[in-house]
Amino acid sequence: MLSFCLILVAALFFTGVISRTKSILSGRKGPGILQPVKDIIRLFKKGVVYSSTTSFIFQIAPSIYFSSVVIAMLVVPFGQSKGLISFQGDFIFFAYVLALGKFFSIIAALDTGSSFEGMGASREALYSMFAEPAFFILLGSMALLTGQTSFQEIFADLHLGSPISYALAVLAAFVLGMIMMIENSRMPIDDPKTHLELTMIHEVMILDNSGFDLGLILSAGLMKFAIYGALIVNLFIGMFPYEYAIPMFFAIQLGAAVITGSIESFMARFRMSHNAQFIFALTSVSLLIFFGVLMLLGKFI
Amino acid sequence: MTELIHLSWIIPLVAILLISIISSKYKPYAAAVSVILGSLASGWLAVSALNGQIVDYSFYAGAFLGDVSIRVDGLSAWFILIINFTALTGVFFGTGYLKAYSHEASKLALHWSLFVLFHFSMVWVCLLQNGFAFLIAWEMMSLSSMVLVIFDHHKIQTLKAGINYLVQMHISVVFLTVGFIWVYSQTGSLNFSAIRTFFQENNNLWLFLVFFTGFGLKAGFVPLHSWLPHAHPAAPSHISGVMSGVIVKLGIYGIIRMISYLQSDFVLLGEIIISLSVLTGIYGILTASVQRDFKKMLAYCTIENIGIIGIGIGLIGMGTRSPLMYFLGFGGALLHVLNHSLFKSLLFYSAGSVFQQTHTRDIEKLGGLIKNMPKTAVIFLVGALAIGGLPPFNGFVSEFIIYCGLIEGIHTNSINQIMLMILVLAGLSAIGGLSVLTFTKTFGTVFLGQPREILPHKPHEVTRLMLVPQYIIIGVMLVIAIVPQFFLNIVYDVLAGMSSKILIDPVSVSRYSKTAAGIGWFSLLLIGLTGFILFLRSLVLKKRTQTIGITWGCGYGTPNSAMQYTGRSFSKPAGKIFDFLLIEKKKYKELNPDEIFPGKRKYDSRYFDFFEYNFFDKITKYLIIGSGYFRFIQNGRTQSYVLYGIVFILVVFLLTIFNILQ
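Protein chains in written order, with my numbering: chain W, 713 to 1013; chain C, 40 to 701.
What follows is the structure in structure tokens.
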């Protein structure tokens, strides 16, 4: 329950902090931190426009996408306290529930019969496929390190062994951070501010959504950021009592948002044709973590 | 109980006689009644076997076969129930599917009587415990299904696929025969229990590999898979549904049956199977992702699922030292056999509905079918979600249990095993991701968007006779998704009845059954939450304005159907990255620089099966060239054939006289 509330709070400001960072770094005044939330509230109040090509799939997909993200959020623990859903192997459930949402957002994009949206859909499907092994190898190595099989137990036991595990946690944070970028279609994978349909991924998939549905999709996006942020936080706070852990939670989420904003200010997007290879390279980082774990456990000599 | 065994062969026999004489209008119903009654008879045996009443029966079948024993234990029961269910849905769907052929009495008579025979032989494959009797049933199954595949025998493509299937199945029979004869030569018995004796005294590796190759050909492990993508598209859809749902699984049945006889530590075998299975899975789904023919895509997807089941079987092997892994691998494999038989037959049936209405299997010619066939679209969507292993459907449950087995395997001591497990984990997750890609592509291209071509007939929703079996399948799938612990407990009983040597800690089993129960609840939660949000949405949208517009096209207001994204372009990036496995051949003419107004031109691109293109086709080519040298033997002159006969008789005569044969 604690993690659920914390993630919700973090979700409120995460994207706002990113755009604020960007505006400060480019010397603009920029919108307030809560602007994305205000945008979503406005969208909920608006009417909707549907394309005549679309079917009911297009109408139900945003709701399913939203609820899949909410369920995934319930799985994420906070340090010693479990998520609302917690069982052995819950990280598999986490990954597959998110995939369900992705499935629907992809077919909703195809439902419009557009010449662009299929492009984004195809990329989304391909990139998330490539990100999957990295995530599973990462969690597999952590399960190996801790001897546990659920998110909460893994994170709670992570640092009981040795300080070297912090080094691994930093690497793991990198992997999770990159997956966060892929899942949320941010730089350096995708540029949300691009104005060319041919080079978008996520943005082009939701071109035809409007009103309430768009609000659902955007708010799910906010939560997704906070979910991955919370996973990164969990890599470090396992042993700390709440009075330290909760401030750390917000500090790390804030840090992640600021870093995301800075990356978007200073980096260009990767070449679209090389994105897949780049994402697959994450798997090798995960393998690095795996070998690190093997060394830590003394299985490698 | 023995009456039921006799009933299960008398009913089909009567039905086959009946089908050949009654009017063609009633033929499918006679087949249906026979399948129902046969299913009741064998199903009763199976259910009582699952309740612990194992049926043992044996009869004397002549000097050659000796005593043939029949046994219904938990493992057979599990497969018999799957066979019966799929055959039942298949017979009803098929009745509707073949409505258009009702004037072709002879074709229908052959088809339905063989369907009855096909169902009967599959059940008996699971019953018989004698090597040669088993092979007879096995052969009946292969032959009857071959004739069922070539229902459209006037098409050369279908006939070719049928012959391909026939040949490959006989290669499989050769391996099985070699295996049984090997056992016979060592132990002097053809009964399955002799295999146990054989394994007690000999090294288990080679005989098992012989059986694995034989059964693996049926199951479709890569590189033994090449019959599947030809036979499944060629067959009528209810046959492909039953073939992909069940016949392929009987290969798995054989493998698991052989595993139950293994005696010593078989970690090495497990490692071989699990590595092969991951490759099978990845290869199957990758090739599926680029197919244009949706039934071919489903066939490749079957190969992928065989890979997933194989991972479970591999876990059984690697779990000789850890009973929990053994249980999870076994449970995952058996549950996935059940799940795959459900959603794959569902997908084939709904694909059949599409084919019946549109007469094409090419996804690039379809599109927007959801408006004409909404129920079929939803059915296909449910199948697609389930086969991708996505919650809240049943595919997730079995994949989850296999994942748990892999994670259990990570916690062992041997470094080889840990490395293998991590790689399999990554492979399985990639399979999941790729199957999302494959099925979003197929569903999106076939059912969504706008129609790509004008079809000869306007497609309509199929008849209720075809829809109801599919609804029933969905119902069963949801039951598995919501109360998976019930099925997991059955699997545990099957396992406990199968081998007494593996001692599984009941505490950890009940822990997993609790986890499974939890997954059922969370699936319900997911459904409930989605329903709640949809309800909220409908409340909110009542008060808002809703307008209908055109799809955004960068300001271009008259987009046409040719401008939408195609299935090919959807999977092209993946195809490009994996071009070392996915062989693409293109045919087109380059544009000349002096061609100012280019005329109409064609662009043709198709993907080939890696193994077929690089190995099988080449081997076949050289075989044909090689056998061409012996063509003089079959020269069409009666005189030479008489001469061959005389030479043969002479040789036999001389050999007998000089006692060389002794």
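All C-beta atoms, glycine included, are put in the ideal place defined by N, C-alpha and C. From a predicted model like this one, the values you see are computed outputs, not experimental measurements.
The C-beta distance from S735(W) to W591(C) rounds to 28 Å, too long to fall under 8 Å, and the pair is not in contact. Assignment of G588(C) by DSSP, reduced to helix, strand and coil, places it in the strand class. Using a Cβ-Cβ cut-off of 9 Å, K657(C) does not count as an interface residue toward chain W, since no Cβ of chain W sits closer than that to its own.
For S827(W), the C-beta contacts it makes with chain C under 8 Å involve G592, P598, M602, Q603 and Y604, in order along the chain. Counting only Cβ-Cβ distances below 7 Å, T765(W) has contacts in chain C at G488, Q489 and T590, in chain order. Burial is judged here by how many other beta carbons sit within 10 angstroms of a residue's own beta carbon; M336(C) has at least 16 and is buried.
Taking L822(W) as reference, the option from Y680(C), T484(C), Y595(C) and A601(C) with the minimal CA-CA separation is T484(C).
Taking a Cβ-Cβ cut-off of 9 Å, C340(C) has no neighbours in chain W, whose nearest Cβ is about 15 Å from it.
Neighbours of L464(C) across chain W, judged by C-beta separation under 7 Å: F848, I849 and G852.
C717(W) counts as exposed, since fewer than 16 other beta carbons sit within 10 angstroms of its beta carbon. Neighbours of V760(W) across chain C, judged by C-beta separation under 7 Å: L580, R583 and Q585. Pairing K628(C) with L943(W), the inter-Cα distance amounts to about 53 Å. Rounded to whole angstroms, G973(W) and M893(W) show a C-alpha spacing of 11 Å. Along the stretch 719-753 of chain W, there is no position whose C-beta sits under 8 Å from a C-beta of chain C.
Comparing C-alpha distances from I409(C) to each of R400(C), F419(C) and D401(C) shows the shortest one belongs to F419(C). Taking 9 Å as the CB threshold, F924(W) lines the interface with chain C. For I939(W), there is no enclosing beta strand (DSSP E); the residue is part of the alpha helix (DSSP H) that begins and ends at G923 to I949. In this structure, H142(C) lies away from F190(C), with their beta-carbon atoms at least 9 Å apart. Secondary structure remark: continuous alpha helix (DSSP H) runs of at least 4 residues inside the stretch 208-267 of chain C, in chain order: 231-240 and 244-258. L947(W) is classed as buried because its beta carbon has at least 16 other beta carbons within 10 Å across all chains shown.
Annotation: I975(W) to P904(W) spans about 13 Å, alpha carbon to alpha carbon. Not flagged as an interface residue toward chain W: E343(C), since no C-beta distance is shorter than 9 Å.
Interface annotation for the stretch 506-534 of chain C against chain W: empty, criterion Cβ-Cβ distance under 8 Å.
Membership of K625(C) in the beta strand (DSSP E) is indicated by the continuous run I622 to Y627. At the C-beta level, V501(C) and M357(C) stay beyond 9 Å of one another.
As the crow flies, the alpha-carbon of K750(W) is around 24 Å from that of F961(W). Put simply, the CB of Y808(W) is near chain C, with a gap under 9 Å to one of its CB atoms. In this structure, the beta-carbon distance from T216(C) to T226(C) does not fall below 9 Å.
F982(W) sits in coil when the DSSP states are folded into three classes, being neither helix nor strand. The alpha-carbon separation between I635(C) and R400(C) amounts to approximately 36 Å. K611(C) has a beta carbon lying within less than 9 Å of a beta carbon in chain W.
Annotated three-state conformation of N203(C) is helix, per DSSP.
Annotation: the continuous alpha helix (DSSP H) that includes V749(W) extends over Q747 to K757.
At a cut-off of 9 Å between beta carbons, Y442(C) contacts chain W.
Look at the beta carbons and you see the stretch 366-383 of chain C touching the stretch 513-526 of chain C: at least three pairs across the two are nearer than 8 Å. Remark: three or more beta-carbon pairs, one from each stretch, lie closer than 8 Å, so the stretch 608-616 of chain C and the stretch 477-494 of chain C are flagged as touching.
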